[in-house]
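So the sequence shown is numbered by numbering that gives the first Met the number 0: it starts at 0 and just counts up by one. Ideal placement from N, C-alpha and C gives every residue a C-beta, glycine not left out. Just so you know, these numbers come straight off a predicted model, no measurement behind them.
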Amino acid sequence: MAQKTVFITGCSEGGIGDALAKTFHKKGMRVFASARNLAKVQHLKDIGLDIIRLDVADEESIRQAVEAVKTATGGTLDFLVNNSGLGYSMPLLDSDVSVAKKMFDVNVFSVVTVTQAFAPLLIASKGTIINIGSILGKMPLPWQGYYNASKAALALITDQMRIELSPWGIKAILVNTGAIRTKFFDNLPNTPVLPESSLYYPAKDVIEPTLAGTEVEKNAMDVNSYAEAVVKSVTRSSPKKHLWIGGGALLTWLASTFGWSTIWDLLLPRVIHLPAITDKIRTAEKEQDRRKVDTLN
Numbered sequence: 000m001a002q003k004t005v006f007i008t009g010c011s012e013g014g015i016g017d018a019l020a021k022t023f024h025k026k027g028m029r030v031f032a033s034a035r036n037l038a039k040v041q042h043l044k045d046i047g048l049d050i051i052r053l054d055v056a057d058e059e060s061i062r063q064a065v066e067a068v069k070t071a072t073g074g075t076l077d078f079l080v081n082n083s084g085l086g087y088s089m090p091l092l093d094s095d096v097s098v099a100k101k102m103f104d105v106n107v108f109s110v111v112t113v114t115q116a117f118a119p120l121l122i123a124s125k126g127t128i129i130n131i132g133s134i135l136g137k138m139p140l141p142w143q144g145y146y147n148a149s150k151a152a153l154a155l156i157t158d159q160m161r162i163e164l165s166p167w168g169i170k171a172i173l174v175n176t177g178a179i180r181t182k183f184f185d186n187l188p189n190t191p192v193l194p195e196s197s198l199y200y201p202a203k204d205v206i207e208p209t210l211a212g213t214e215v216e217k218n219a220m221d222v223n224s225y226a227e228a229v230v231k232s233v234t235r236s237s238p239k240k241h242l243w244i245g246g247g248a249l250l251t252w253l254a255s256t257f258g259w260s261t262i263w264d265l266l267l268p269r270v271i272h273l274p275a276i277t278d279k280i281r282t283a284e285k286e287q288d289r290r291k292v293d294t295l296n
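This is how it looks when you write it as structure tokens:
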């Protein structure tokens with residue numbers, strides 16, 4: 000039997016892609032692990048994986064990656080794992096749309112462009128597309144609005160792929176990823192900080208730990224355990240179309256499947272300490288009003 004092949008985007012050390020690459024490799028597959036900076040995947044080359052430079056937002060970089068895999072495999076690919084992603088934590092009122100657009104380019108549009116480029120190889124092997132989504136695509140977790148929206152878009156695109164590519168026997172699987180212990184928040188360009196002009200600024204001490212991912216760590220799943228669960232699931236003969244793996248995944252599935260449309264209005268305020276945030280904002284507003292009165296007097 001020919002060795003199965005896997006191409007994974009976003010495999011920088013310490014992340015989900017890194018753990019998935021190692022796990023597929025342990026199962027005896029030939030793994031092509033990619034990243035924008037090859038130095039961040041050198042450790043994978045050292046243990047026998049193929050590494051390829053790839054910027055998912057650069058069409059020429061994608062073309063070169065496809066050619067490299069095509070040459071190595073003879074024109075086939077069994078698994079394409081779209082894992083690359085950017086995060087953006089900020090209240091919508093304080094958000095920068097230009098940053099959000101860049102994130103959508105990576106989290107949504109690049110998934111399509113990478114899949115388009117690898118489609119001939121996937122068709123040749125009746126392969127499987129695995130899109131690494133998030134449970135946040137199913138819930139309006141505050142301060143992550145644009146990120147949540149990008150993952151909601153990815154979920155629908157995965158369903159589109161599954162239906163549209165079915166004539167060629169290609170599967171498309173969405174992994175609704177819960178909280179995972181990785182370096183994701185460490186790799187953000189800047190530590191998210193509320194601007195002083197923010198209406199939420201009086202509650203910055205409550206909000207900023209959430210922006211920085213501190214709260215996520217409390218219920219997070221080990222990244223290697225996550226990778227083992229994903230690989231075990233997607234390599235079955237008849238894999239589920241939607242997987243729910245990681246901290247909070249089961250609760251999110253239950254709430255989004257069986258709950259009413261606004262159930263998150265009930266569940267999320269406690270998670271993000273919204274009552275405390277509201278109290279701090281109201282207190283600051285009252286103090287501001289008092290100072291205005293004192294000034295007039």
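Check	Outcome
In the structure shown, what three-state DSSP assignment does LYS182 receive?	coil
With DSSP run on the structure shown, which of helix, strand or coil describes LEU42?	The sequence shown places His at residue 42, not Leu. In the structure shown, HIS42 sits in a helix (DSSP, three-state: H, G or I).
Tell me whether GLY246 sits in a helix, a strand or coil according to DSSP, three-state version.	strand
Got a sec, what are the start and stop residues for the alpha helix (DSSP H) GLY16 sits in?	15-25
Would VAL80 and ILE162 be called neighbours here (beta carbons separated by less than 8 Å)?	no
In this structure, does DSSP put MET220 in helix, strand or coil?	strand
With a threshold of 7 Å on Cβ separation, who are the neighbours of SER83 within its own chain once the five nearest residues in sequence on each side are excluded?	THR8, GLY9, VAL55, VAL105 and SER109
Quick one: Cα of TYR145 to Cα of MET0, how far?	44 Å
To the nearest angstrom, how far is it from the Cα of LYS150 to the Cα of PHE103?	9 Å
Looking at ASP77 and SER33, is the spacing between their C-beta atoms short of 8 Å?	no
Is the separation between the beta-carbon of ALA202 and that of LYS279 shorter than 8 Å?	yes
What residues match up with PHE6 in a beta bridge as DSSP calls it?	PHE31 and LEU79
With burial defined as no fewer than 16 other Cβ atoms inside 10 Å of the residue's Cβ, what is the status of GLY27: buried or exposed?	exposed
Beta carbon of VAL292: closer than 7 Å to some heavy atom of the ligand FAD?	Within the structure as shown, the ligand FAD is missing, as the structure has no ligands at all.
With three or more C-beta pairs closer than 8 Å as the rule, is the region 36-50 touching the region 163-171?	no
Take the Cβ of TRP259 as the centre, count every other Cβ of all protein chains shown within 10 Å, and call the residue buried at 16 or more, exposed below.	exposed
Tell me where the beta strand (DSSP E) around ASN175 begins and ends.	170-176
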